[in-house]
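Chains as they are written, first to last, in the working numbering: chain A, 70 to 568; chain B, 183 to 303. Note that the Cβ used here is the ideal one computed from N, Cα and C, for glycine as well. This report concerns only the one structure given below.
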């Protein structure tokens with residue numbers, strides 16, 4: 070039997086455990102273990118992906134116990150692609166933080182950043198693979214607790230306050246998810262997703278209210294954790310007050326893993342995304358359309374670059390929710406591809422903005438005027454990712470937005486396609502001025518004098534290389550979406566019930 | 183009607199307790215009380231899960247004699263895991279409160295918001 074799926078979870082957890090003990094002795098040792106662990110995990114993820122793409126979907130019974138007694142890990146083409154994405158982005162962020170990083174990235178508080186980044190990597194892999202409701206709940210909780218920690222890793226006042234707010238809202242969501250899991254177990258008698266799903270149609274006839282309550286609680290619970298519009302209030306504070314390496318992980322990966330968990334639960338239990346004919350689908354669609362436009366609008370108002378990026382995440386989560394809620398194979402594949410695109414774009418934006426902040430000592434977007442002349446490579450990477458956010462053809466953002474929009478038109482919901490265009494225009498209204506000002510603006514002498522660090526050259530070559538790799542990946546996945554997109558389309562056709 | 187209420191008493195009480203917890207969490211501005219509210223909410227869910235697996239006259243499923251019935255063991259195992267998660271969240275929340283108190287000298291959310299606003303300007 071192929072034990073790779075367990076390795077994808079256990080390897081980062083074991084490395085985190087080692088760092089927690091050995092890191093106190095030597096910072097360099099901690100950094101070395103973290104870098105080796107992420108590279109090994111990427112190899113494991115690629116091997117899983119190759120196995121799945123040659124032999125088809127994989128089911129692994131943990132400890133040899135088959136469901137309903139045991140826990141199953143299930144990996145199809147989409148999950149395998151996400152595992153590679155997860156390992157790649159986490160790996161790049163760890164390499165960035167290990168090689169200097171941005172002004173507020175260097176894990177000054179010792180080795181805890183490495184521990185939490187690796188635990189997040191392992192637990193998010195667990196969320197993606199979990200085929201069992203309770204296993205899913207445990208993995209989501211580990212991810213959440215580590216995320217609260219990633220926010221407050223530098224223990225500044227604002228970060229502590231943001232972390233507490235995140236924890237309180239996340240705690241309410243936890244209670245709801247556990248309650249929903251208990252209700253599903255109570256009415257179907259199973260925790261394994263396919264088995265509970267098979268028993269669900271009868272259970273919904275016998276206990277309609279408990280079933281409806283479970284659908285609602287799952288949606289709200291994961292909606293809070295994924296920053297769906299009315300429940301997003303924790304997100305801008307948490308993602309902007311964290312050090313940029315943490316922000317890249319939280320904004321790039323953690324929120325998306327939660328949406329995917331919701332999609333998996335909905336599909337597994339109710340056979341279609343967002344409860345089939347229930348009014349919930351309409352509610353989620355309306356909320357995601359509002360999120361697309363309002364998230365971008367709120368980002369447009371911000372002058373703090375990190376808060377701008379955080380609000381932009383709220384907007385882009387709207388795209389992903391919309392794609393899943395539309396529920397046609399095209400839209401779902403587009404939403405899955407947007408998970409990939411947005412993870413690459415947003416981590417690239419946060420990490421390159423981190424290098425700017427490191428050089429200028431300020432998060433004010435006015436301070437980066439003219440920085441493109443001094444830091445041309447960093448600024449170019451930011452510009453590529455910003456174009457991706459707007460959906461410029463040739464970047465991966467265009468591909469995923471196109472698929473979601475086509476799916477919306479196919480599904481007879483043109484309002485989603487219209488709001489994707491509106492949201493892209495607003496994205497252009499705040500991303501382009503930043504890029505234009507960075508390249509063409511003239512920096513005033515007073516601003517240069519006010520900067521803490523001498524304004525001037527590129528910094529931290531290791532971190533810069535990471536940012537460049539991300540920018541190159543954005544263009545590559547934009548020009549040749551073929552392989553990954555074919556996998557997502559096949560996966561969503563296999564998952565979704567035929568109309 | 184009465185029978186239905188008594189038949190589902192465990193659900194109703196757990197929902198009530200859940201509401202009490204959420205009310206505490208949302209209405210109190212003291213951070214410690216918010217954490218207590220969170221714990222009450224989680225306890226309500228644990229209560230519900232345990233009551234799902236209850237069998238009248240059931241024992242713990244260890245070393246059963248013939249003729250004895252066992253309660254359903256899986257919910258108990260779930261709650262055990264749930265308690266571990268709740269404890270670790272609570273521990274982390276309390277340590278955050280200690281740090282916040284060190285930084286700002288308050289554990290009151292409203293006052294904290296006032297201080298943060300003052301710093302922002």
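Please list the partners that residue 374 of chain A has in chain B, where partner means a Cβ-to-Cβ separation under 7 Å.
Here the premise fails: no neighbours, minimum Cβ distance about 16 Å.
Give the residues of chain B in contact with residue 276 of chain A, contact being defined as C-beta atoms less than 7 Å apart.
Going along chain B, no residue has its Cβ under 7 Å from residue 276 of chain A, so there is no contact; the nearest lies around 10 Å.
Give a yes or no on whether the minimum CB-CB distance between residue 499 of chain A and chain B is below 7 Å.
It does not: the Cβ of residue 499 of chain A has no partner Cβ on chain B nearer than 7 Å.
Using alpha carbons as the reference points, say which of A:406, A:461, A:99 and A:421 lies closest to residue 148 of chain A.
It is A:406 whose Cα lies nearest to the Cα of residue 148 of chain A.
Report the start-end ranges of each alpha helix (DSSP H) in the segment 189–253 of chain B that is 4 residues or longer and not cut off at the edges.
Runs found: 191–209 and 213–234.
May I ask you to check if the CB of residue 98 of chain A is nearer than 6 Å to at least one heavy atom of the ligand MG?
Annotation note on the ligand MG: not contained in the displayed structure, which lists no ligands.
Could you check where the beta strand (DSSP E) with residue 144 of chain A kicks off and where it finishes?
Note, residue 144 of chain A: beta strand (DSSP E), 141–144.
CA-CA distance, residue 222 of chain A and residue 181 of chain A?
Whole-angstrom Cα-Cα distance: 7 Å.
DSSP on residue 529 of chain A, reduced to helix/strand/coil?
In this structure, residue 529 of chain A counts as coil in the three-state DSSP scheme.
Count Cβ pairs between the segment 272–288 of chain A and the segment 221–239 of chain A that sit closer than 8 Å; are there 3 or more?
Contact fails: fewer than three Cβ-Cβ distances are below 8 Å.
At least one CB of chain B closer than 7 Å to the CB of residue 210 of chain A: is that the case?
Chain B contact via Cβ: present.
Consult DSSP for residue 523 of chain A and reduce its assignment to one of helix, strand or coil.
Low confidence applies to residue 523 of chain A: its pLDDT is 49, below 50, so where it sits in the model is not reliable, and the reading given next is rough at best. Reduced to three states, the DSSP call for residue 523 of chain A is coil.
Against residue 224 of chain A, what residues of chain B qualify as contacts under a CB-to-CB distance less than 7 Å, listed in chain order?
281, listed in chain order.
Between the Cα of residue 468 of chain A and the Cα atoms of A:544, A:397 and A:128, which residue gives the shortest distance?
Residue 468 of chain A has its Cα closest to that of A:544, out of A:544, A:397 and A:128.
Please confirm if residue 260 of chain B has its CB atom under 7 Å from at least one CB of chain A.
With 7 Å as the cut-off, residue 260 of chain B counts as an interface residue toward chain A.
So if DSSP puts residue 129 of chain A in a beta bridge, which residue, or which two residues, is it bridged to?
In DSSP, residue 129 of chain A forms a bridge with A:142.
Return the CA-CA distance between residue 143 of chain A and residue 404 of chain A, expressed in angstroms with no decimal places.
Between residue 143 of chain A and residue 404 of chain A, the C-alpha separation is close to 20 Å.
On the DSSP letters alone, give me the boundaries of the alpha helix (DSSP H) that residue 400 of chain A sits inside.
Its alpha helix (DSSP H) spans residues 398–429.
Whose C-beta lies closer than 6 Å to the C-beta of residue 550 of chain A among residues of the same chain, with five residues either side of it excluded?
If we look at residue 550 of chain A and ignore the five residues flanking it on each side, its Cβ neighbours are 468.
Note down, in chain order, each residue of its chain lying with its Cβ closer than 7 Å to the Cβ of residue 398 of chain A, except the 5 sequence neighbours on either side.
Answer for residue 398 of chain A: 558, 561, 562 and 565, listed in chain order.
Once you ignore the five residues that flank residue 194 of chain A on each side, which residues in its own chain have a CB closer than 7 Å to its CB?
Here the set comprises 77, 78, 152 and 155.
Determine the closest residue to residue 127 of chain A out of A:84, A:117 and A:486, with distance taken between C-alpha atoms.
Of A:84, A:117 and A:486, the residue nearest in Cα terms is A:117.
Alpha carbon to alpha carbon, how far is residue 453 of chain A from residue 35 of chain A? Give it in angstroms, no decimals.
Since the first and last residues shown for chain A are 70 and 568, residue 35 of chain A lies out of range.
Let me make sure I understand the geometry here. Which of B:230, B:255, B:251 and B:237 has the alpha-carbon closest to that of residue 138 of chain A?
Taking only the C-alpha atoms, the option nearest residue 138 of chain A is B:255.
Residues in the same chain with beta-carbon distance under 6 Å from residue 286 of chain A, minus the five sequence neighbours each way, listed in chain order, please.
Once the five neighbours on either side are set aside, the close Cβ partners of residue 286 of chain A are 245, 248 and 249.
Buried or exposed: residue 146 of chain A, going by 16 or more other Cβ atoms within 10 Å of its Cβ?
Residue 146 of chain A should be labelled buried.
What residue from A:413, A:259 and A:396 has the CA that sits closest to residue 335 of chain A's CA?
Of the listed residues, the one whose Cα sits closest to residue 335 of chain A is A:396.
Can you tell me which residues form a DSSP beta bridge with residue 433 of chain A?
Answer is A:373, bridged to residue 433 of chain A.
Count the other CB atoms, across all protein chains shown, that sit within 10 Å of the CB of residue 190 of chain B; report buried if there are 16 or more and exposed otherwise.
Looking at its Cβ environment, which holds fewer than 16 other Cβ atoms inside 10 Å, residue 190 of chain B is exposed.
Please confirm whether residue 215 of chain B has its beta-carbon closer than 7 Å to some beta-carbon of chain A.
With 7 Å as the cut-off, residue 215 of chain B does not count as an interface residue toward chain A.
Quick check on residue 494 of chain A: buried or exposed, where buried means 16 or more other Cβ atoms within 10 Å of its Cβ?
So residue 494 of chain A counts as exposed.
Where residue 486 of chain A and residue 541 of chain A are concerned, what is the direct C-alpha to C-alpha distance, given to the nearest angstrom?
Spanning the two alpha carbons is a distance of roughly 28 Å.
Could you list which residues in chain A have their beta carbon closer than 8 Å to that of residue 274 of chain B, in chain order?
Within chain A, the residues near residue 274 of chain B are 214, 217, 218 and 236.
So which residues of chain B does residue 241 of chain A contact, with C-beta pairs closer than 8 Å?
Per Cβ cutoff of 8 Å: 204, 207, 220 and 223.
Report the neighbours of residue 285 of chain B on chain A: residues whose CB is nearer than 9 Å to its CB, in chain order.
Those within 9 Å of residue 285 of chain B in chain A are 224, 225, 226, 229 and 230.
Starting from the C-beta of residue 459 of chain A, find all residues in its chain whose C-beta is less than 8 Å away, skip the five residues before and the five after it, and write them out in chain order.
So the list reads 466, 493, 496, 497, 500 and 501, once near-sequence residues are dropped.
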